[in-house]
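Top line first, the protein sequences correspond to chains A and B. Numbers in my numbering are just positions in the first sequence, counted from 1, shifted up by 1344. Numbers in my numbering are just positions in the second sequence, counted from 1, shifted up by 1344. Beta carbons: idealized from backbone N, C-alpha and C, even for Gly. Step one of this worksheet: look at the structure below.
Number of protein chains: 2
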Amino acid sequence: MQNNNSSLEEEAFKVRKLEISDKDKGFIQLLQQLTSCDSVSDKEFEERFQELSSYGDNHLVCVIEDTRSGKIVASGSVFIEKKFIRNCGKVGHIEDMVVDSSVRGMQLGKKIVGFLTDHARSMGCYKVILDCSTENRAFYEKCGFKQKEIQMVRYFI
Amino acid sequence: MQNNNSSLEEEAFKVRKLEISDKDKGFIQLLQQLTSCDSVSDKEFEERFQELSSYGDNHLVCVIEDTRSGKIVASGSVFIEKKFIRNCGKVGHIEDMVVDSSVRGMQLGKKIVGFLTDHARSMGCYKVILDCSTENRAFYEKCGFKQKEIQMVRYFI
C-alpha cells in the first residue's frame, strides 16, 4: 500500500518546465512567498516568458504542479553562464527556489534542486552554484552542495 | 605636475569592452591569475567571444589595457539575469574580477567594479551581486557592497 501511495504522490508532484498557463495556476502567488512580487500583468508575464524561452536551454525555469489541486507548489530556475576561465567553461546558477508552505517536508525542494542540477550537468557546466541564507545551508548540504564563498550585494532601489 | 601625471595615468588605464584582439594582449594569461585556465585556442576564444557578443548588453566583459605596454591588466564581467520575482525584475551578476599582480594598489579593481555596477544600473537591474572570499569582503565594501548571503557550490569535475 505504501508503495502505491508513493507512486501516486510521485505522479502528482512531477517536476516539469514552466508553461505559459502556469500564471493561472498560482505561479506568481508562489513567488510571493519568496520575495516581493506585486501582481504581474498577463502581458508582462508573457513577455518575460517569451524572452526566457528565447534563451533555450541556457535559462530553465521549472515547477511542480500538484495535479490534484492544479496549483503550482514549487519552483526554481537555473541559467547557464558562459565564461572564458576554465577553458571557456560554463557555470550553472540556481535562483529563486521556493516551495509552497503547505507542502513543505515532502522533499519537493530537493526534487527541484536535483532537476536543476541535472540540467546544469547535462549542459556541460563544471559546477553549479547558488546563494542562500545560513538557515538554508543544511538543506543544500543534503542536496550535495558545500559552502564556499560569501555573497555581496548592492541595491539600486 | 601631479594632476598631469594623474590624467596621464587615467588615459593609460581606461576601462573598455573586451575586444577580440585582446587575446593577443595577454587576456587569457591575466585570467590564469584568477583560476585554472589552460591555453585557449584562437578558435575557442573567438567562438566564446561571438557567443557572448550575441547577448548584447546582457553580458558584458570589460578590461583595462595598459596602453603603455599594450597588456590587459584588469578584467571583470557582468551578466543580466531576467527574473519573474520583483515584478519581472533584473539582477546583475558580477563575475571573474581580476587585476594583474603587477598593478595592484592602483584602484583598477574599483574602476572595473564601478564600470560593471554602472552597466547593471543602466540596464534597469534592482541590484547587483557577486560572490567572493571573505578576504575580499573589505574591498567590495569600499565599492558600496554589503555581505548578504552565503554561496553554496557543487562541482561536477
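Buried/exposed call for Y1484 of chain B, threshold 16 Cβ in 10 Å: buried
Cβ pair count under 8 Å reaching 3, the stretch 1380 to 1388 of chain A against the stretch 1457 to 1467 of chain A: no
Continuous alpha helix (DSSP H) stretch holding I1456 of chain A: start and end: L1452 to S1466
Proximal chain B residues relative to L1396 of chain A, where beta-carbon distance stays under 8 Å: K1426
Residue ranges of each beta strand (DSSP E) within the stretch 1381 to 1434 of chain B, 3 or longer: 1403 to 1410 and 1415 to 1426
Y1484 of chain B - DSSP class collapsed to helix/strand/coil: helix
C-alpha gap between T1478 of chain B and R1360 of chain B, whole angstroms: 28 Å
Three CB pairs or more closer than 8 Å across the stretch 1423 to 1439 of chain B and the stretch 1365 to 1375 of chain B: no
Residues near L1396 of chain A by beta carbon distance below 7 Å, same chain, minus five either side: H1403 and V1405
Cβ separation of Q1495 of chain A and D1475 of chain B, assumed to be a contact under 8 Å, to the nearest whole Å: 5 Å
Contacts that Q1495 of chain B makes with chain C (C-beta to C-beta distance below 8 Å): In summary, chain C is missing from the structure at hand, where the protein chains are A and B.
Close-in-space but distant-in-sequence residues of the same chain around M1345 of chain A (CB under 6 Å, 5 per side omitted): With a pLDDT of 43 at M1345 of chain A, under the threshold of 50, the predicted position of this residue should be treated as unreliable, though the coordinate-derived value follows. Contacts found: none.
Residues of the stretch 1373 to 1389 of chain A whose Cβ lies closer than 7 Å to any Cβ of chain B, in chain order: L1375, L1378, T1379, S1380, C1381, D1382, V1384 and E1388
Which residues DSSP lists as bridging D1475 of chain A, in chain order: B:Q1495
Identity of the residues DSSP links to V1359 of chain A by a beta bridge: A:I1408
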